[in-house]
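S.K.:
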Amino acid sequence: MFNKLSREFYERDPITVSIELLGKLLVRRTKEGEIVGRIVETEAYIGPYDKASHAYRNKKTKRNFVQFGERGHAYIFRVYGMHHCFCVVVGQKYIPAVALIRSVEPVKGIELMKISRGVKNDVPVTGLTNGPSKLCQAFGITEELNGIDLCGDDIFISEGDSKPFEVGRSRRIGIDYAEEYKDVLWRFYEENNEFVSKKVKE
DNA sequence: CGACCGATCCTC
DNA sequence: AGGATCGGTCGT
């Protein structure tokens, strides 16, 4: 039914993996049911030299230690004291690097997503998962899942269909503090997809 | 040990 | 444009 991505998929160049994650399916299995979204927007963060990365200068902390571990595990962190972001540890082991999943297009479990997001049943589906913290809320992803292996069965990423699409790229969102790294084009998205979180120049 | 602030979202 | 909300991180 699903064709789960292998460990080897994640053990490649972080930029390449971030691009190739577009169009893949994020799958979450809960007791309430299965939730699936098609990944339409990602960002790459490469710890050793990227000033926007939580692991800049290879600094290992209580928050970011998962980035230094096995590839294909989930790095989940809290932002603004109330929201979560979901990343995949990628790249050469054991260099800290991740692909941040910024937006997905709902595929299955839309009713569950609406309940988790706390929105009324008649709201448009476009606002459900178009942002890193929105999709975490929709998928029930919290820091309890930090470090979980995406090669397992509770949450994983699968091959999608092979329909072609155009890849857009831009600066990353919300990292104005990152000096010379705030302008690198490490945000990737599917062109003309209405579930991409926001338009950015360049 | 205290102060600062964010890989965001929502409402005004 | 501004508030919510809190733990990690860093400076003292």
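Counting in the working numbering, the first sequence runs from 2 upward without gaps.
Just so you know, even glycine gets a beta-carbon here, dropped at the ideal spot from N, CA and C.
Give me the Cα-Cα distance between K109 and R30, rounded to the nearest whole angstrom.
M.R.: Looking at the two C-alpha atoms, the distance is approximately 11 Å.
S.K.: Counting pairs of Cβ atoms below 8 Å between the stretch 88-95 and the stretch 70-77, do you hit three or more?
M.R.: A contact exists between the stretch 88-95 and the stretch 70-77.
S.K.: Would you identify the three-state DSSP class for C86, choosing helix, strand or coil?
M.R.: Looking at C86 - three-state DSSP - the assignment turns out to be strand.
S.K.: Let's test the definition: count the other Cβ atoms within 10 Å of the Cβ of F166 and tell me whether it reaches 16, buried, or not, exposed.
M.R.: With fewer than 16 Cβ atoms within 10 Å of its Cβ, F166 is classed as exposed.
S.K.: In the DSSP assignment, what residue or residues form a beta bridge with D14?
M.R.: D14 is not bridged to any residue.
S.K.: Suppose you measure from the CA of P146 to the CA of A75; what does that come to, to the nearest Å?
M.R.: It is worth fixing the name first, because residue 146 is Leu in this sequence and not Pro. Whole-angstrom Cα-Cα distance: 7 Å.
S.K.: When the distance is taken between beta carbons, is F189 closer than 8 Å to I47?
M.R.: Their beta carbons are not under 8 Å apart, which means I47 does not touch F189 by this criterion.
S.K.: For Y11, tell me which candidate among S171, C152, V197 and K200 has the shortest Cα-Cα distance.
M.R.: Minimum Cα distance to Y11 is reached at C152.
S.K.: By Cβ distance, which residues of its chain are closer than 7 Å to I36, with the 5 residues on each side in sequence left out?
M.R.: Hits under 7 Å: R29, K109, G110, L113, M114 and F140.
S.K.: Might you give, ordered along the chain, the residues of its own chain that have their beta carbon closer than 6 Å to the beta carbon of L22, omitting 5 neighbours on each side?
M.R.: Once the five neighbours on either side are set aside, the close Cβ partners of L22 are I40, T43 and A100.
S.K.: Considering just the uninterrupted stretch of the alpha helix (DSSP H) at E112, what are its terminal residues?
M.R.: I111 to R118 is the span of the alpha helix (DSSP H), which, as asked, contains E112.
S.K.: Between the stretch 177-184 and the stretch 50-61, do three or more beta carbon pairs fall short of 8 Å?
M.R.: Contact holds: three or more Cβ-Cβ distances are below 8 Å.
S.K.: Quick check: the Cα distance between Y178 and D14, rounded to an integer number of angstroms?
M.R.: Cα-Cα distance, rounded: 25 Å.
S.K.: Check the C-beta distance from H85 over to T130 and give it rounded, since I have them as a contact under 8 Å.
M.R.: With a Cβ gap of about 13 Å, H85 and T130 do not count as contacting.
S.K.: Classify G132: buried if its beta carbon has 16 or more other beta carbons within 10 angstroms, exposed otherwise.
M.R.: By the neighbour-count rule (16 or more Cβ atoms within 10 Å), G132 is buried.
S.K.: In terms of alpha-carbon separation, which member of P107, F3 and N4 lies closest to Q138?
M.R.: Nearest C-alpha to Q138: P107.
S.K.: Taking G38 and V105 to be in contact with their CB atoms under 8 Å, please state how far apart those CB atoms are, rounded to whole angstroms.
M.R.: Indeed, because the Cβ distance is near 3 Å, the residues count as touching under 8 Å.
S.K.: Across which residues does DSSP place K5 in a beta bridge pair?
M.R.: For K5, which the question treats as bridged, DSSP gives the partners S159.
S.K.: In terms of alpha-carbon separation, which member of V120, N59 and K63 lies closest to I96?
M.R.: Closest option to I96, Cα to Cα, is N59.
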